[in-house]
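Participant: Starting off with a structure, shown below.
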Amino acid sequence: MLCGLPGVGKTTLARQLAPLINGVVLSTDKIRKELFHKPKYRHQEKKLVYNVLILLAKYLYIAGINCILDATFLKQKSRQQVRNKLGKNTKQIYIIECVCPEDIVMARLKSRKLDYSDADFSVYRKMKAMYEPVNEKHITIDTSRFSGVQMKELALKLLDRN
Ligand SMILES: Nc1ncnc2c1ncn2[C@@H]1O[C@H](COP(=O)(O)OP(=O)(O)OP(=O)(O)O)[C@@H](O)[C@H]1O
Ligand SMILES: [Mg+2]
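The following block contains the structure:
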């Protein structure tokens, strides 16, 4: 489970990590765009998108396929819900919190080209005010200084638990 504010680099990390763990990236931004032509980011819409994400993860997990869940997971409750709905305990899911210095996020979001995510820096600020810190055991990755070697080490760590 990848979590973190917009622009911190979750999707980029997910795409790089996926081939190393033979995994599938499930992204709320992609699911949202598949389900809604013009997303409104309202409560019911968000709920449906997260439920579809969890449902897909559930089926893939049963099929023995590693999944990377790529979403902001702003609230403690949203992270907890994934575990509850998947019927997994804390040891069966890795939580990876992506972080990045704010000035770099700002530069990244300004130069971001067409993407499944609609978030800009104003969305980043809004979400920052709502973000609940990850209290449970997790790995923190600063994407502004995360090397290829560290990525391979992370992949080995994740695979070790399977
Ligand atoms: N490690 C990195 N080095 C350089 N640029 C990066 C890095 N990670 C991400 N970026 C760039 O920053 C922008 C935002 O990254 P990305 O889309 O991965 O963030 P995100 O956390 O998935 O954001 P969102 O929550 O809006 O989906 C993209 O244009 C991406 O190419
Ligand atoms: Mg993303």
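Counting in my numbering, the final residue of the sequence shown is number 167, and the numbers go up one at a time with none missing.
Yeah, the Cβ is synthetic: ideal placement off N, Cα and C, and Gly gets one too.
Quick one: what's got a C-beta closer than 6 Å to Ile-144's C-beta in the same chain, skipping five residues either side?
Facilitator: So the list reads Ile-101, once near-sequence residues are dropped.
Participant: Is Arg-3 near ligand 1 - that is, is its Cβ less than 7 Å away from at least one heavy atom of it?
Facilitator: This structure gives no information on residue 3, because the portion of the chain shown stretches from 6 to 167.
Participant: Report yes or no: do the region 85-93 and the region 45-52 share at least 3 C-beta pairs separated by less than 8 Å?
Facilitator: Judged by Cβ distances under 8 Å, the region 85-93 makes no contact with the region 45-52, as fewer than three pairs qualify.
Participant: Pick helix, strand or coil for Asn-71, following the three-state DSSP scheme.
Facilitator: Correct three-state label for Asn-71: strand.
Participant: Given the structure, does Lys-15 come close to ligand 2, in the sense that its CB is under 7 Å from one of the ligand's heavy atoms?
Facilitator: For ligand 2, at least one heavy atom lies less than 7 Å from the Cβ of Lys-15.
Participant: I want to know whether the region 122-141 touches the region 158-167 - three or more CB-CB distances under 8 Å.
Facilitator: No, because fewer than three Cβ pairs between the region 122-141 and the region 158-167 fall closer than 8 Å, the two stretches do not touch.
Participant: Applying the 10 Å Cβ sphere with the 16-neighbour rule, what's the burial state of Pro-106?
Facilitator: Result: exposed.
Participant: What three-state label does DSSP hand Ser-107 in the structure shown?
Facilitator: Residue 107 is actually Glu in this sequence, not Ser. The answer is helix: DSSP assigns Glu-107 an H, G or I state.
Participant: On the criterion of 16 or more Cβ atoms from any shown chain inside 10 Å, does Arg-150 qualify as buried, or is it exposed?
Facilitator: Result: exposed.
Participant: What are the start and end residues of the beta strand (DSSP E) that includes Ile-146?
Facilitator: Looking at the DSSP string, the run of the beta strand (DSSP E) that includes Ile-146 is 144-147.
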